[in-house]
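Colleague:
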Amino acid sequence: MKSLLTAAALMAASALPLSVQPAAAFDPASMTEAEKTAFGEAVRDYIMSNPQVLVEAVNQMEAQRLADESKNDKALVAANRAEIMDDGRSWVGGNPKGDLTMVEFIDYRCGYCRKVASEVDEVVAKDGNIRLILKEFPILGRESELASRYAIAVKQTAGADAYKAAHDKLYAMRGEVTMESLGALAAEQGLDAQAITRHMNSEAVTAEIRANRQLAEKMQIMGTPTFVIGPELLRGIPSTGMTAAIEQIRKGAQG
């Protein structure tokens, strides 16, 4: 609130008549008590007469905050690009030679991840030139971790196609995620349920989850879904929709 009032005061000060502005740069610390009182009253009167200045101050502060966050996020992507785009572990789909890579950090118990999953698949299929990477990032408790362990175990023992099928089924699953329900899911997929559930607790599976969590920590990622699309880090589902977000990122890369 203090920074908002300061911003509003500065905007108001710039609009005050020259007769009430200090000759030097605006510096409240150098003003006498009488000058501070007079200046404060002038600013208050201006804001009361022009309340839109508060809206302008809020918009200006928000625009600056978003610009700072975007700059920081781009730096995080650039610093960790190799691990994000080519870790040698994560599932890769779409067009492996696509001109744009989309990476999604996912949690199977995340409602927003479920909500956007079909849109991601549709966009990738329709575009035809997107390389899609999925990173297992279970953060919502034991069921999340069990689901991710199952998906990774399927990928490591049965391959990429089986993983994508498991991925889709885990999003569609309703009810509690348990070793029993995952064993039934493996059987439904025509996989060796015993081998899959046994591999879920292997060091290889644990190592992949650990690596993804370490990467997320470096990227300051604390929620799902989080996307890295080209040079951009998107925290959550783009408000404009995936297609529009991708178009904008492509235009930015070309410009």
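Per the working numbering, residue 2 is the first one in the sequence shown, and the count goes up by one each step. Every residue, glycine too, gets a C-beta built ideally from N, C-alpha and C.
Determine whether the beta carbon atoms of Tyr151 and Leu183 lie at a separation below 8 Å.
Modeller: A contact, by the Cβ cut-off of 8 Å.
Colleague: Pick out the complete beta strand (DSSP E) segments inside the stretch 191-253, 3 residues or longer, and give them in chain order.
Modeller: Taking only runs of at least 3 residues, the beta strand (DSSP E) segments lying wholly in the stretch 191-253 are 227-230, 233-236.
Colleague: DSSP beta-bridge partners for Arg132?
Modeller: Paired residue(s): Gly95, Thr102.
Colleague: Buried or exposed: where does Tyr113 fall if 16 or more other Cβ atoms within 10 Å of its Cβ makes it buried?
Modeller: Burial call: exposed.
Colleague: Classify Ala148: buried if its beta carbon has 16 or more other beta carbons within 10 angstroms, exposed otherwise.
Modeller: Ala148 comes out buried.
Colleague: Which residues in the same chain have their Cβ closer than 6 Å to the Cβ of Lys72, if we skip the five residues on either side of it in sequence?
Modeller: Contacts found: none.
Colleague: Taking all protein chains shown into account, decide if Arg110 is buried (16 or more other Cβ within 10 angstroms of its Cβ) or exposed.
Modeller: Arg110 should be labelled buried.
Colleague: Could you spell out where the alpha helix (DSSP H) holding Ile48 opens and where it closes?
Modeller: Where Ile48 is concerned, the enclosing alpha helix (DSSP H) stretches over 34-50.
Colleague: Under 8 Å, with one C-beta from each stretch per pair, do the stretch 237-247 and the stretch 118-137 reach the 3-pair mark?
Modeller: Segments in contact, yes.
Colleague: Starting from Glu177, follow its DSSP beta bridges and name the residues at the other end.
Modeller: In DSSP, Glu177 forms no bridge with anything.
Colleague: Given a threshold of 16 other Cβ atoms within 10 Å of its Cβ, counted over all protein chains shown, does Thr33 qualify as buried or as exposed?
Modeller: It counts as exposed.
Colleague: With a cut-off of 8 Å on the beta carbons, I'd call Arg108 and Leu141 a contact; round off their distance for me.
Modeller: Here residue 108 turns out to be Asp, not Arg, going by the sequence shown. Asp108 to Leu141, Cβ: 5 Å. Contact.
Colleague: Does DSSP put Ile140 in a helix, in a strand, or in coil?
Modeller: Ile140 falls in the coil class under three-state DSSP.
Colleague: Quick one: Cα of Arg251 to Cα of Glu189, how far?
Modeller: For Arg251 and Glu189, the distance between alpha carbons rounds to 40 Å.
Colleague: Between Gly94 and Asn130, which are expected to be in contact by the criterion C-beta below 8 Å, what is the C-beta distance as a whole number of angstroms?
Modeller: That belief does not hold up - the Cβ atoms of Gly94 and Asn130 are roughly 13 Å apart, past 8 Å.
Colleague: Which whole-angstrom value describes the C-beta separation of Leu216 and Glu84, a residue pair presumed to lie in contact below a C-beta threshold of 8 Å?
Modeller: Going by Cβ atoms, the distance from Leu216 to Glu84 rounds to 6 Å, so yes, they are a contact pair.
Colleague: Looking at the unbroken alpha helix (DSSP H) that takes in Ala83, where does it start and where does it end?
Modeller: Where Ala83 is concerned, the enclosing alpha helix (DSSP H) stretches over 82-86.
Colleague: Go through its chain and collect everything with a Cβ distance to Pro239's Cβ below 6 Å, but skip five positions before and after it.
Modeller: For Pro239, where only same-chain residues beyond five positions count, the Cβ hits under 6 Å are Ala246.
Colleague: Count the other CB atoms within 10 Å of the CB of Lys136; is the residue buried (16 or more) or exposed (fewer)?
Modeller: Classification for Lys136: buried.
Colleague: Quick one: Cα of Trp92 to Cα of Asn60, how far?
Modeller: Each residue's Cα considered, the two are about 40 Å apart.
Colleague: Assign Pro156 to one of two classes, buried (16 or more other C-beta atoms within 10 Å of its C-beta) or exposed (fewer than that).
Modeller: A small correction: the amino acid at residue 156 is Lys; Pro does not occupy that position in the sequence shown. Buried is the call here.
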